[in-house]
Amino acid sequence: MNCKIGVISGDGIGPEIVAEARKVLDCIAEKYGHELKYEEIQMGGCSIDAVGVPLTDEAISKAKASDAVLMGSIGGNTATSPWYRLEPHLRPEAGLLKLRKSLNLFANLRPAYLYEELKEACPLREDIIGDGFDMMILRELTGGLYFGERKTEEIDGVLTAVDTLTYNEQEVRRIAKRGFEIAMKRRKKVTSVDKANVLDSSRLWRKVVEEVAKEYPGVSYEHMLVDNCAMQLVKDPKQFDVILTENMFGDILSDEASMVTGSIGMLSSASLNDTKFGLYEPSGGSAPDIAGKGIANPIATILSAAMMLRYSFDLDREADAIEAAVRQVLKDKYRTIDIMPQEENKKSSVTLVGTKEMGDLIVERIKNYEK
Ligand code: NAD
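Residue numbers for the sequence shown follow our numbering, so the first one is -13 and each next one is one higher.
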């Protein structure tokens, strides 16, 4: 298969973790006979430094001309980086919001899966973890508060800020359909999360989800208020299969879900539109605190590359090979710093490795993977 992949290395640890994902993809291409072509796309702080804006029209065109885009992460230290003294629409994150909008990426998938080998990194009690959990958070990405009208003005001498949370029924319907379709391929349960006791937008959300649910009689569904969902994620995460929710709730809940798995460095994500195109990126940010030290965990980006093979290119066997190699590396007790056991007496039972070594270890296991 010939695939054209746009690559946004981005800022902070982005270039380090993307390099490892590319190494893994190259190994897959060689082993299974595919041709992967990469096109570098600049976005985020590096684009601000180079051309003054976080995303150019040329960058958008390059992304649109790709079959899929693999991204590291963008942004810097929000307290100290000069990028955050710029107007909001010129900051790194504005580039990502614009790209998502331009590519109509309305569905964000974030798996939260607890690896047997990393159970110890999970901050929850053993009786809560049980046999582990495996959920998919599906977040609406192009509507809601992050895209509504906003302003800050002085009213009677008092500074007042307004953000607007807007959804129309079509936006809710298309994400709800995706949620039920994903559930059909999993354990067939959707938990739709809203704040319908307070917000009109949530009451519309609930109404449309109920209509969509009728088209999927094989999938069970429930509504849950977002505050309750935040509690249930730490009280009983096993109950969830697909969590379907709007933009801001999804932003917060998916970070919470990622923390209960133990490390943000392990979690992949995909943002999809109505076609096969997708933007694939790790769930974490640019981690400026560890950038350039060669210690970032590349697994989330490598697993994002696996999602790209599965969802954009239908290369399931190749995606399986990557996922199996990641599991094997963990079984073989290799760990980056973020997934090291916390207890002193357990540290000697595993081997601490850096970003590049982790990439190499995964490549080795893909080469030896038989299927
Ligand atoms: P962050 O996810 O970058 O970091 C939070 C913590 O997790 C840090 O201690 C970091 O060292 C650690 N961490 C993150 N990824 C890791 C990895 N692969 N390996 C090991 N440790 C890892 O979140 P933050 O500090 O809140 O944000 C930093 C910057 O990233 C900000 O500018 C923020 O806006 C941006 N950000 C970008 C994206 C994106 O590119 N999609 C997403 C979230 C945050």
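Ideal Cβ placement from N, Cα and C applies to all residues, glycine included.
Given 8 Å as the limit, is there contact between the segment 83 to 99 and the segment 116 to 136, that is, 3 or more CB pairs closer than that?
-> The segment 83 to 99 makes contact with the segment 116 to 136; the number of CB pairs closer than 8 Å reaches 3 or more.
Assigned exposure category for isoleucine 141 - 16 Cβ within 10 Å defines buried | Within the sequence shown, residue 141 is the residue found at index 155, counting from 1. Under this definition isoleucine 141 is an exposed residue.
With 16 as the cutoff for other CB atoms within 10 Å, does serine 364 come out buried or exposed?
-> The shown model of the chain, from -13 to 357, leaves out residue 364, and the question about it has no answer.
Comparing alpha-carbon positions, which option in Leu127, Thr128 and Thr150 lies nearest leucine 137?
-> Numbered from 1 along the sequence shown, position 151 holds the residue referred to as residue 137. For clarity, residue 137 is lysine in the given sequence; the question names leucine instead. Measuring from the Cα of lysine 137, the nearest candidate turns out to be Thr150.
What does DSSP give as the partner residues of glutamate 26 in its beta bridges?
-> Residue mapping note: residue 26 aligns to position 40 of the sequence shown, counting from 1. According to DSSP, glutamate 26 bridges with Val(-7).
From what residue to what residue does the beta strand (DSSP E) around glutamate 126 run?
-> Working through the sequence shown from its first residue, we reach residue 126 at position 140. In this chain, the beta strand (DSSP E) harbouring glutamate 126 covers 120 to 126.
Alanine 282 to aspartate 275, Cα distance in whole Å?
-> As a working mapping, residue 282 is identified with position 296 in the sequence shown. As a working mapping, residue 275 is identified with position 289 in the sequence shown. Taking the straight line joining both Cα atoms gives about 10 Å.
Where are the alpha helix (DSSP H) runs, 4 residues long or more, that stay fully inside the segment 37 to 73, in chain order?
-> Correct list: 43 to 50.
Keeping to the same chain, check which residues put their C-beta closer than 7 Å to that of aspartate 324; ignore five residues upstream and five downstream.
-> Position 338 of the sequence shown holds residue 324. Setting aside the 5 residues that flank it on each side, aspartate 324 is surrounded in the same chain by Ser249, Gly251 and Asn283, each with a C-beta closer than 7 Å to its C-beta; the list follows chain order.
Is any heavy atom of the ligand NAD found at a distance shorter than 7 Å from the C-beta of alanine 273?
-> Translated into positions along the sequence shown, residue 273 becomes position 287. Within the cutoff, so yes.
List the DSSP bridge partners of glutamate 140.
-> Taking the first residue of the sequence shown as position 1, residue 140 is located at position 154. Under DSSP, glutamate 140 forms a beta bridge with Leu145.
Tell me whether the beta-carbon of proline 40 lies closer than 8 Å to the beta-carbon of proline 78.
-> Taking the first residue of the sequence shown as position 1, residue 40 is located at position 54. Taking the first residue of the sequence shown as position 1, residue 78 is located at position 92. Against a cut-off of 8 Å, the Cβ pair of proline 78 and proline 40 comes out as a contact.
Nearest-angstrom Cα separation, counted from methionine -13 out to histidine 20 = By 1-based counting over the sequence shown, the position of residue 20 is 34. By 1-based counting over the sequence shown, the position of residue -13 is 1. Taking the straight line joining both Cα atoms gives about 5 Å.
Looking at C-alpha atoms only, which residue of Ala107, Ile(-1) and Thr128 is the closest neighbour of threonine 287?
-> For this step, residue 287 is matched to residue 301 along the sequence shown. Looking at the Cα atoms, Ile(-1) is the closest of the given residues.
So which of Leu100, Arg8 and Ser(-5) has the shortest CA-CA distance to glycine 368?
-> No answer is possible for residue 368: the residues shown for the chain start at -13 and end at 357.
Nearest-angstrom beta carbon gap, isoleucine 3 and threonine 341 [assumed within contact, 8 Å] = As a working mapping, residue 341 is identified with position 355 in the sequence shown. As a working mapping, residue 3 is identified with position 17 in the sequence shown. Contact check for threonine 341 and isoleucine 3: beta-carbon distance about 7 Å, within the 8 Å limit, so the pair qualifies.
Taking 7 Å as the line, does the beta carbon of threonine 322 fall inside it for any heavy atom of the ligand NAD?
-> As a working mapping, residue 322 is identified with position 336 in the sequence shown. Taking non-hydrogen atoms of the ligand NAD into account, the C-beta of threonine 322 is found less than 7 Å away from one of them.
Using the rule of at least 16 other Cβ atoms within 10 Å of the residue's Cβ for burial, across every protein chain shown, is arginine 71 buried or exposed?
-> Stepping through the sequence shown from its first residue, residue 71 is reached at position 85. Exposed, because fewer than 16 other Cβ atoms sit within 10 Å of the Cβ of arginine 71.
Going by other Cβ atoms of all chains shown within 10 Å of its Cβ, with 16 needed for buried, is proline 268 buried or exposed?
-> Residue 268 sits at position 282 when you count from the first residue of the sequence shown. Under this definition proline 268 is a buried residue.
Is it right to say glycine 38 is buried, meaning 16 or more other beta carbons lie within 10 angstroms of its own, or is it exposed?
-> Indexing the sequence shown from 1 puts residue 38 at position 52. Burial call: exposed.
Under the three-state DSSP convention, the category valine 194 falls into | Counting from one through the sequence shown, the residue named residue 194 turns up at place 208. For valine 194, the three-state secondary structure derived from DSSP is helix.
Given a cut-off of 8 Å, decide if tyrosine 24 and valine 55 are closer than it, judged by their beta-carbon atoms.
-> As a position in the sequence shown, residue 55 is number 69, starting the count at 1. As a position in the sequence shown, residue 24 is number 38, starting the count at 1. In this structure, tyrosine 24 does not lie closer than 8 Å to valine 55 by Cβ.
Presumed contact (8 Å Cβ cut-off) between serine 52 and lysine -10, rounded CB distance | The residue labelled residue 52 in the question sits at position 66 within the sequence shown. The residue labelled residue -10 in the question sits at position 4 within the sequence shown. Yes, serine 52 and lysine -10 are in contact; Cβ-Cβ is about 5 Å, under 8 Å.
Can you give me the start and stop residues for the beta strand (DSSP E) that asparagine 183 sits inside?
-> The residue you call residue 183 lines up with position 197 of the sequence shown. Counting along the chain, asparagine 183 sits inside no beta strand (DSSP E), nor does DSSP assign it H or E at all.
Cα-Cα separation, proline 1 to alanine 80 = Translated into positions along the sequence shown, residue 1 becomes position 15. Translated into positions along the sequence shown, residue 80 becomes position 94. The alpha-carbon atoms of proline 1 and alanine 80 are separated by roughly 19 Å.
To the nearest angstrom, how far is it from the Cα of glutamate 208 to the Cα of arginine 159?
-> The sequence position of residue 208 within the sequence shown is 222, counting from 1. The sequence position of residue 159 within the sequence shown is 173, counting from 1. Between the C-alpha atoms of glutamate 208 and arginine 159 there is a straight-line separation of about 16 Å.
Whole-angstrom distance between alanine 311 and leucine 265, CA atom to CA atom | Numbered from its first residue, the sequence shown carries residue 265 at position 279. Numbered from its first residue, the sequence shown carries residue 311 at position 325. Between leucine 265 and alanine 311, the C-alpha separation is close to 23 Å.
Does the segment 296 to 314 touch the segment 235 to 246, meaning 3 or more C-beta pairs lie closer than 8 Å?
-> The segment 235 to 246 and the segment 296 to 314 do not touch, with fewer than 3 CB-CB distances between them shorter than 8 Å.
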